[in-house]
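Chemist:
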Amino acid sequence: MNKPGFQPSLKGRALRLLSQREHSRTELERKLAQHEEVPGELAKALDELQARDFINDGRAIESVVHRRSSKLGAARVKQELAAKGLSGEAVTAAMEGLRETEFSRALAVWRKKFDRPAADPNERAKQIRFLMTRGFQAEVVRKIVQGADEDI
1 MNKPGFQPSL
11 KGRALRLLSQ
21 REHSRTELER
31 KLAQHEEVPG
41 ELAKALDELQ
51 ARDFINDGRA
61 IESVVHRRSS
71 KLGAARVKQE
81 LAAKGLSGEA
91 VTAAMEGLRE
101 TEFSRALAVW
111 RKKFDRPAAD
121 PNERAKQIRF
131 LMTRGFQAEV
141 VRKIVQGADE
151 DI
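The numbering of the sequence shown is UniProt numbering, which starts it at 1 and goes up by one.
#1: Assuming THR101 is part of the alpha helix (DSSP H), what are its boundary residues?
#2: Could you tell me whether the Cβ atoms of LEU18 and LEU46 are closer together than 7 Å?
#3: Taking the straight line between their C-alpha atoms, what separation do you get for GLN137 and GLY97?
#4: When you compare the CB positions of LEU86 and ASP57, do they come within less than 7 Å of one another, or not?
#5: To the nearest angstrom, how far is it from the Cα of ALA74 to the Cα of PRO121?
#6: Keeping to the same chain, check which residues put their C-beta closer than 7 Å to that of LEU32; ignore five residues upstream and five downstream.
#7: Taking C-alpha atoms, which residue in LEU72, PRO39, SER24, VAL65 lies nearest to VAL109?
#8: Taking the beta carbon of GLY88 as the centre, do at least 16 other beta carbons fall within 10 Å, making it buried, or is it exposed?
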(Lines of atoms letter the chains of each structure in order from A and count residues from 1; the text may use other names and numbers.)
(Lines give C-alpha, C1' and ligand atoms only; values in the text may rest on other atoms or scores of the structure.)
Protein backbone atom coordinates (compact mmCIF):
# COMPACT_ATOMS: atom_id res chain seq x y z
CA MET A 1 0.00 0.00 0.00
CA ASN A 2 1.14 3.59 0.55
CA LYS A 3 4.26 4.21 2.60
CA PRO A 4 3.88 6.62 5.53
CA GLY A 5 4.31 10.17 4.30
CA PHE A 6 3.91 9.16 0.64
CA GLN A 7 1.42 11.20 -1.37
CA PRO A 8 0.26 9.78 -4.70
CA SER A 9 0.66 12.05 -7.70
CA LEU A 10 -2.32 13.83 -9.19
CA LYS A 11 -2.17 11.46 -12.13
CA GLY A 12 -2.12 8.50 -9.73
CA ARG A 13 -5.11 9.87 -7.84
CA ALA A 14 -6.98 10.43 -11.11
CA LEU A 15 -6.22 6.90 -12.30
CA ARG A 16 -7.45 5.48 -9.00
CA LEU A 17 -10.73 7.37 -9.40
CA LEU A 18 -11.03 6.28 -13.03
CA SER A 19 -10.45 2.64 -12.07
CA GLN A 20 -13.60 2.76 -9.93
CA ARG A 21 -15.90 4.24 -12.62
CA GLU A 22 -15.86 6.65 -15.54
CA HIS A 23 -15.41 10.30 -14.53
CA SER A 24 -15.72 13.45 -16.62
CA ARG A 25 -12.78 15.82 -16.75
CA THR A 26 -14.79 18.41 -14.80
CA GLU A 27 -15.50 15.87 -12.06
CA LEU A 28 -11.82 14.96 -11.76
CA GLU A 29 -10.85 18.64 -11.63
CA ARG A 30 -13.32 19.20 -8.82
CA LYS A 31 -12.19 16.14 -6.84
CA LEU A 32 -8.45 16.68 -7.28
CA ALA A 33 -8.16 20.49 -7.07
CA GLN A 34 -7.39 20.37 -3.34
CA HIS A 35 -4.35 18.17 -3.99
CA GLU A 36 -2.78 20.47 -6.60
CA GLU A 37 0.41 21.98 -5.19
CA VAL A 38 1.72 23.74 -8.30
CA PRO A 39 -0.69 25.81 -10.46
CA GLY A 40 -1.27 24.09 -13.80
CA GLU A 41 -0.09 20.70 -12.51
CA LEU A 42 -3.62 19.25 -12.45
CA ALA A 43 -4.49 20.48 -15.94
CA LYS A 44 -1.27 18.96 -17.29
CA ALA A 45 -1.95 15.58 -15.64
CA LEU A 46 -5.54 15.52 -16.92
CA ASP A 47 -4.42 16.59 -20.42
CA GLU A 48 -2.05 13.59 -20.50
CA LEU A 49 -4.77 11.21 -19.35
CA GLN A 50 -7.24 12.63 -21.84
CA ALA A 51 -4.71 12.32 -24.69
CA ARG A 52 -4.31 8.64 -23.80
CA ASP A 53 -8.14 8.23 -23.69
CA PHE A 54 -8.28 7.45 -19.97
CA ILE A 55 -10.66 10.39 -19.65
CA ASN A 56 -13.46 10.21 -22.21
CA ASP A 57 -16.61 12.26 -21.70
CA GLY A 58 -18.51 10.06 -24.18
CA ARG A 59 -17.82 6.99 -22.04
CA ALA A 60 -18.75 8.94 -18.91
CA ILE A 61 -22.12 9.84 -20.48
CA GLU A 62 -22.74 6.22 -21.50
CA SER A 63 -21.81 5.04 -18.01
CA VAL A 64 -24.26 7.38 -16.25
CA VAL A 65 -27.05 6.58 -18.70
CA HIS A 66 -26.45 2.84 -18.36
CA ARG A 67 -26.28 2.89 -14.54
CA ARG A 68 -29.14 5.29 -13.85
CA SER A 69 -31.70 5.04 -16.68
CA SER A 70 -33.39 1.91 -15.34
CA LYS A 71 -34.39 3.79 -12.18
CA LEU A 72 -34.64 7.43 -13.29
CA GLY A 73 -36.39 9.50 -15.91
CA ALA A 74 -34.62 11.51 -18.58
CA ALA A 75 -34.85 14.74 -16.57
CA ARG A 76 -32.99 13.29 -13.56
CA VAL A 77 -30.37 11.59 -15.75
CA LYS A 78 -29.77 14.89 -17.55
CA GLN A 79 -29.46 16.63 -14.16
CA GLU A 80 -26.82 14.10 -13.04
CA LEU A 81 -24.89 14.55 -16.30
CA ALA A 82 -24.94 18.33 -15.85
CA ALA A 83 -23.70 17.94 -12.26
CA LYS A 84 -20.75 15.99 -13.63
CA GLY A 85 -19.97 18.81 -16.05
CA LEU A 86 -21.21 16.94 -19.11
CA SER A 87 -23.20 18.69 -21.82
CA GLY A 88 -23.33 19.15 -25.56
CA GLU A 89 -24.35 17.01 -28.50
CA ALA A 90 -23.53 13.66 -26.89
CA VAL A 91 -25.80 14.44 -23.92
CA THR A 92 -28.55 15.62 -26.28
CA ALA A 93 -28.31 12.37 -28.24
CA ALA A 94 -28.40 10.29 -25.05
CA MET A 95 -31.48 12.20 -23.86
CA GLU A 96 -33.27 11.52 -27.16
CA GLY A 97 -32.72 7.80 -26.63
CA LEU A 98 -34.01 7.99 -23.06
CA ARG A 99 -37.13 9.91 -24.05
CA GLU A 100 -38.03 7.16 -26.53
CA THR A 101 -38.06 4.59 -23.70
CA GLU A 102 -39.42 6.87 -20.96
CA PHE A 103 -42.84 5.22 -20.74
CA SER A 104 -41.58 1.64 -20.53
CA ARG A 105 -38.88 2.55 -17.97
CA ALA A 106 -41.37 4.51 -15.82
CA LEU A 107 -43.84 1.64 -15.99
CA ALA A 108 -41.18 -0.83 -14.83
CA VAL A 109 -40.21 1.46 -11.91
CA TRP A 110 -43.89 1.91 -10.99
CA ARG A 111 -44.58 -1.85 -11.11
CA LYS A 112 -41.56 -2.62 -8.96
CA LYS A 113 -42.63 -0.13 -6.26
CA PHE A 114 -46.43 -0.45 -6.42
CA ASP A 115 -47.98 -3.83 -7.10
CA ARG A 116 -51.47 -2.43 -7.71
CA PRO A 117 -53.28 0.73 -8.85
CA ALA A 118 -54.01 3.47 -6.34
CA ALA A 119 -57.08 2.76 -4.19
CA ASP A 120 -57.68 6.39 -3.18
CA PRO A 121 -56.57 9.93 -4.07
CA ASN A 122 -53.84 9.97 -1.39
CA GLU A 123 -52.28 6.79 -2.74
CA ARG A 124 -52.55 8.15 -6.30
CA ALA A 125 -50.74 11.35 -5.21
CA LYS A 126 -48.04 9.25 -3.55
CA GLN A 127 -47.50 7.27 -6.77
CA ILE A 128 -47.36 10.47 -8.82
CA ARG A 129 -44.82 12.07 -6.44
CA PHE A 130 -42.71 8.91 -6.50
CA LEU A 131 -42.42 8.91 -10.29
CA MET A 132 -42.04 12.69 -10.60
CA THR A 133 -39.14 12.83 -8.12
CA ARG A 134 -37.37 10.23 -10.22
CA GLY A 135 -37.47 12.61 -13.17
CA PHE A 136 -40.12 11.03 -15.36
CA GLN A 137 -42.16 13.37 -17.58
CA ALA A 138 -45.50 14.52 -16.16
CA GLU A 139 -47.43 13.21 -19.17
CA VAL A 140 -45.84 9.76 -18.81
CA VAL A 141 -46.55 9.72 -15.06
CA ARG A 142 -50.18 10.70 -15.66
CA LYS A 143 -50.65 7.92 -18.22
CA ILE A 144 -49.13 5.31 -15.94
CA VAL A 145 -51.00 6.25 -12.76
CA GLN A 146 -54.34 6.72 -14.57
CA GLY A 147 -53.74 3.77 -16.87
CA ALA A 148 -52.97 1.54 -13.93
CA ASP A 149 -56.69 1.59 -13.20
CA GLU A 150 -57.26 0.02 -16.61
CA ASP A 151 -54.46 -2.48 -15.85
CA ILE A 152 -51.92 -1.52 -18.51
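Even for Gly, the Cβ is constructed at its ideal location relative to N, Cα and C.
Computed from a predicted model, the values in this text were never measured in an experiment.
Modeler: Taking the geometry as given:
#1: Looking at the DSSP string, THR101 is not in any alpha helix (DSSP H), and its letter there is neither H nor E.
#2: no
#3: 14 Å
#4: yes
#5: 26 Å
#6: LEU10, ARG13, ALA14, LEU42
#7: LEU72
#8: exposed
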